[in-house]
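Q: I have a structure here, written as structure tokens, and I will follow up with some questions on it.
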Amino acid sequence: MESLVPRSLSLVSACSLLACGLQMLAAFMLTQRFGGQSSAEDRRLLLWLYYDVIVHLTLEGPFVYMSLVGTVETSEGPLADLWKEYSRADSRWLGSDPSIVSVEILTVALGSLLGVVLIHAVLNDKYYRHFVQIALSVCELYGGWMTFCPEWLMGSPHLNTSHWLYLWVYLVLFNGLWVLIPALLLVQSWFCLRTMHTFRDQRVATKKMT
1 MESLVPRSLS
11 LVSACSLLAC
21 GLQMLAAFML
31 TQRFGGQSSA
41 EDRRLLLWLY
51 YDVIVHLTLE
61 GPFVYMSLVG
71 TVETSEGPLA
81 DLWKEYSRAD
91 SRWLGSDPSI
101 VSVEILTVAL
111 GSLLGVVLIH
121 AVLNDKYYRH
131 FVQIALSVCE
141 LYGGWMTFCP
151 EWLMGSPHLN
161 TSHWLYLWVY
171 LVLFNGLWVL
181 IPALLLVQSW
191 FCLRTMHTFR
201 DQRVATKKMT
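To convert, note that position 101 of the sequence shown is 101 in UniProt numbering; the numbers rise steadily by one, no gaps.
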């Protein structure tokens with residue numbers, strides 16, 4: 001029986017990490033192409049949004065498809081191999097776990113759509129930017145919570161933390177990004193909305209004085 005703990009970085013692991021790097025490169029190129037006139041803060045946001053949408057569509061989308069027509073375990077191809085590799089850290093992804101698939105359907109359908117709308121809002125300075133930014137951030141945080149909270153409540157029987165790659169890269173890094181960055185975006189929206197409200201109050205006060 002093949003060990004669940006690799007002695008060194010396997011070829012599939014290396015290809016998986018390379019794929020993530022290529023996704024980030026694609027996001028960087030899209031940011032450079034379309035976000036050149038944006039502020040430095042907005043360019044950083046666009047980099048994340050492009051990466052977020054790319055991951056949802058090119059990785060999680062195929063996972064949903066494989067899970068609806070069968071399972072990752074019974075599927076073949078490079079993307080199936082990638083998810084089989086990730087399932088070494090979280091075995092729920094190997095089969096069609098109803099909770100995981102349900103969360104991923106929401107993430108792929110709603111998360112991707114909100115990401116694209118927010119990209120448009122940032123690039124075109126739309127009034128609804130922060131409404132969409134808050135909605136997307138809450139959606140991402142909800143997805144992370146519903147992915148791991150039920151597992152933690154059961155004592156994490158499906159999680160394999162016996163190897164640094166599985167624990168710190170697959171579980172902590174890859175999932176932690178979708179907790180940390182949405183949380184930071186919620187904070188940003190809070191301060192931006194507060195600033196706009198303060199500016200409105202000052203403008204109203206100025207009009208009353210004239």
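Think of the CB as a built atom: it goes at the ideal place given N, C-alpha and C, for glycine as much as any other residue.
Could you tell me which of Arg92, Leu45 and Ser156 sits nearest to Ser67, measuring between CA atoms?
A: Residue mapping note: residue 67 aligns to position 67 of the sequence shown, counting from 1. Minimum Cα distance to Ser67 is reached at Arg92.
Q: Cβ of Ser112 within 8 Å of Cβ of Leu185?
A: Here residue 112 is taken as the residue at index 112 of the sequence shown, counted from 1. Here residue 185 is taken as the residue at index 185 of the sequence shown, counted from 1. Contact flag unset, no.
Q: With Ser16 and Leu82 assumed to form a contact (beta carbons below 8 Å), what rounded beta-carbon distance in angstroms separates them?
A: Here residue 16 refers to the residue found at position 16 of the sequence shown. Here residue 82 refers to the residue found at position 82 of the sequence shown. Confirmed, about 5 Å.
Q: Just the Cα atoms here: how many angstroms apart are Gly36 and Thr147?
A: The residue labelled residue 36 in the question sits at position 36 within the sequence shown. The residue labelled residue 147 in the question sits at position 147 within the sequence shown. Distance between the alpha carbons of Gly36 and Thr147: 36 Å.
Q: Contact defined as beta carbons within less than 8 Å: I believe Val122 pairs with Leu45. What is the distance between those atoms, to the nearest angstrom?
A: For the purposes of this step, residue 122 is taken as the residue at position 122 of the sequence shown. For the purposes of this step, residue 45 is taken as the residue at position 45 of the sequence shown. Confirmed, about 6 Å.
Q: Using DSSP bridges, identify the partner residues of Asp90.
A: Translated into the one-based positions of the sequence shown, residue 90 becomes position 90. Asp90 is bridged to Leu159.
Q: What three-state label does DSSP hand Gly144 in the structure shown?
A: Along the sequence shown, read from residue 1 onward, the residue named residue 144 stands at position 144. Helix at Gly144.
Q: In three-state DSSP terms, what is Asp125?
A: In the sequence shown, residue 125 corresponds to position 125, counting from 1. Asp125: coil per DSSP, three-state reduction.
Q: Identify, in the order they occur along the chain, each residue of the same chain with its Cβ nearer than 7 Å to the Cβ of Leu110, setting aside the five sequence neighbours on each side.
A: Position 110 of the sequence shown, counting from 1, holds the residue named residue 110. Once the five neighbours on either side are set aside, the close Cβ partners of Leu110 are Cys139.
Q: Starting from Leu45, trace the alpha helix (DSSP H) in both directions and tell me its first and last residue.
A: Residue mapping note: residue 45 aligns to position 45 of the sequence shown, counting from 1. Taken as a continuous stretch (DSSP letters only), the alpha helix (DSSP H) holding Leu45 covers Ala40 to Val55.
Q: When the Cβ atoms of the region 168-177 are set against those of the region 97-105, are three or more pairs found closer than 8 Å?
A: Taking 8 Å as the limit for Cβ pairs, the verdict is that the region 97-105 does not touch the region 168-177.
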